[in-house]
Amino acid sequence: MKKRKFIQATALGITAFILGNISGRLIKSDKKNVKGKKIIAINGSPNENGNTAYALSIIGDVFRNENISFNIINIGQNDIRGCIACMNCRNEQSVCIHTTAEEKAWIETMKTADAVILASPTYFGGIAGSMKSFLDKAFYSSSKYLSHKPGAAVVTTQRTGASMTFEGLNQYFTINQMPVASSTYWNNIRGLTVDDLKQDGEGIRTLQNLAKNLIDML
Ligand SMILES: Cc1cc2nc3c(=O)[nH]c(=O)nc-3n(C[C@H](O)[C@H](O)[C@H](O)COP(=O)(O)O)c2cc1C
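Residue numbers for the sequence shown, in the numbering used here: 11 to 228.
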């Protein structure tokens, strides 16, 4: 019995040591020939200069360093109708008749990208509402055009609920044959204000490592 407890404690210690080390470290990445690749991020936050925008700017700095084109579409201020399961998008063109011209343009931009980032603040432990409304329609109607593009989820929280938001965003990729970029922790940066986020060193490194891993996948 004593031996068993010793083994359990040792295993726990080793796991904690490994997690502590991998999550805190900046990973190296070699210079890659990714110049001219296009990455698009959908920002579901209603605050264009808020925390989620700051999280995306951390990633954007890594992409710029590799001469990758990186654009952000801010959708969070829009009045976006959700999917009503009318199945009209099962037409030949895969067009959702309940998307506005603007939403259609966002989907077209996603289709032309080499990789897609979905970013959202956490609202009550999940994806922000307008973001979810858009993603449901975009992926239900146009998933075939997004398959096989690498995807990455970016989440901001004041405190808790990041994992559920992260999981929710990843669902769009993993049902659609999209390889998911990961990092050295789950892709979240935490705080109430941008100044708080700047203090979250582990969150910043996690996002930088995510960007490097996404580049590796391109
Ligand atoms: C309606 C609403 C619900 C929220 N729910 C949560 C939550 O469940 N957990 C949490 O940690 N923060 C929550 N927050 C805080 C935001 O997720 C957090 O401040 C986020 O970083 C804001 O990002 P933004 O500045 O890009 O909008 C909520 C904020 C709002 C407005």
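Backbone N, C-alpha and C fix where the C-beta goes; we use that ideal spot for every residue, glycine too.
Inset, instruction - Pair every Cβ in the segment 51–70 with every Cβ in the segment 125–141, then say whether three or more of these pairs are closer than 8 Å. - result: yes
Legend entry - G211 beta carbon near ligand 1 (any heavy atom closer than 7 Å): no
Inset, instruction - Consult DSSP for N98 and reduce its assignment to one of helix, strand or coil. - result: helix
Legend entry - T62 to N84 span [Cα, whole Å]: 10 Å
Legend entry - Rounded straight-line distance, which links the Cα of R200 to that of D206: 7 Å
Inset, instruction - Use the C-beta contact count for M97: other C-beta atoms within 10 angstroms, 16 or more gives buried, fewer gives exposed. - result: exposed
Legend entry - Any 3 or more C-beta pairs closer than 8 Å across the segment 68–84 and the segment 139–148: no
Legend entry - Supposed close pair F149, N186 - CB separation, criterion 8 Å: 6 Å
Inset, instruction - Express the C-alpha separation of G171 and M227 in angstroms, rounding to a whole number. - result: 28 Å
Inset, instruction - Could you tell me whether any non-hydrogen atom of ligand 1 is closer than 7 Å to the CB of T216? - result: no
Legend entry - heavy atom of ligand 1 below 7 Å from A63 C-beta: yes
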